[in-house]
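Residues in the first sequence are numbered from 10 upward in steps of one, following my numbering.
Where a beta carbon is used, it is the ideal one built from N, C-alpha and C, also for glycine.
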Amino acid sequence: MEGRRLSRVEARRADLRFPFPENFAARLTGARIERMGRRAKYLAADLDTGDCLIMHLGMTGRFTIGGRQQGKFHHDAGPPERHEHVVFGLDDGGRIGYSDPRRFGFMDLWPLADIENYPAFRAMGPEPMSNRFSGAWLREAFRGRRTPVKAALLDQSMVAGLGNIYVCEALWRAGISPKRLAGSVSAPKAEALAAAVREVIAEAIEAGGSSISDFAATDGSLGYFQHRFSVYDREGEACGRCGGGVKRLVQSGRSTFYCGACQR
DNA sequence: GCTTGGACCTGATTGC
DNA sequence: TGCAATCAGGTCCAAG
């Protein structure tokens, strides 16, 4: 989409998780996408109109590239998706469809000049792959926190962009119990955790993401990282490190998978 | 101020 | 076979 102009924008319903901003399609039609970026799990398209188009996939959102572009994309659009809610037509003939059965995703517009004050970005912690993120940062962010470290890592103000799967995997790699209170994570363990977070993210990206049921790349291809999960969705299986049993528990409403023997 | 749990919504899976 | 209950990758907000 970068460098292309939106020749047609179609919002097929009034809302996703939230209502679309006023005049959503009209404000986008004709705009040129100067740059595509990302902050945590939010996609950000900088437009030449002065707005930033912010997009979040929620849990089941998916972008599919179709149409006939003069450039490199020639994917078959495939059968029409039942839950395709937004369609972007590009000036080179490309077609970007957004489908989202559960509608936990959303799209928003915000002035580009003020993007740092976008509510979701304001209190957001560092990107895990950035220099700002480290064991020392984690230890400082965890200081005094009486919430389990599992919940703390899901808090986007501590680290940006980690979800349930990768938090479970990173805690296993670092040998830290998800039940441990965040404030009690030692300095060496915080270092190990920061390193594990980076590893998990890097490997998952390398593997093309995790396709459990909904995730697919824009050409429809699936990720492979789910085959490398050490604990996630492996309740009852043997821990690959110590042979102990992988357990499941529910923390703040989310499933946590961990090894009860070697995660302390 | 911090923490937890419910709400949002649909579809797949499981168990009776 | 059919139905109900449960669960799912995220985030926000009210209540405690």
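contact_flag[the region 129-145, the region 90-110] where n(CB pairs < 8 Å) is 3 or more: no
Sufficient close CB pairs (3 or more, under 8 Å) joining the region 249-257 to the region 220-237: no
Residue 206 - DSSP class collapsed to helix/strand/coil: As a first step, residue 206 is located in the first sequence; it is residue number 197 there, counting from the start. DSSP places residue 206 in helix when its eight states are reduced to three.
C-beta atoms of residue 189 and residue 168 nearer than 8 Å: Here residue 189 refers to the residue found at position 180 of the first sequence. Here residue 168 refers to the residue found at position 159 of the first sequence. Cβ atoms of residue 189 and residue 168: not closer than 8 Å.
Residue from 57, 34, 111 and 16 with nearest C-alpha to residue 65: Mapped onto the first sequence, residue 65 falls at position 56. Closest option to residue 65, Cα to Cα, is 111.
Buried or exposed (CB count within 10 angstroms, at least 16 for buried), residue 123: Stepping through the first sequence from its first residue, residue 123 is reached at position 114. Label assigned to residue 123: exposed.
Backbone secondary structure at residue 130 - three-state DSSP: Residue mapping note: residue 130 aligns to position 121 of the first sequence, counting from 1. It is helical.
Rounded Cβ spacing between residue 67 and residue 21 (contact assumed at less than 8 Å): Start at 1 with the first residue of the first sequence, and residue 67 comes out as number 58. Start at 1 with the first residue of the first sequence, and residue 21 comes out as number 12. Wrong, their Cβ atoms sit about 17 Å apart, outside the cutoff.
DSSP state of residue 66 mapped onto helix, strand, coil: As a working mapping, residue 66 is identified with position 57 in the first sequence. Residue 66 falls in the coil class under three-state DSSP.
First through last residue of the alpha helix (DSSP H) which encompasses residue 7: Nothing in the structure corresponds to residue 7, since the chain is present only between 10 and 273.
C-beta contact flag for residue 76 and residue 102 at 8 Å: Your numbering for residue 76 matches position 67 in the first sequence. Your numbering for residue 102 matches position 93 in the first sequence. A contact, by the Cβ cut-off of 8 Å.
Residue 99 - partner residues in DSSP beta bridges: Working through the first sequence from its first residue, we reach residue 99 at position 90. Per DSSP, 15.
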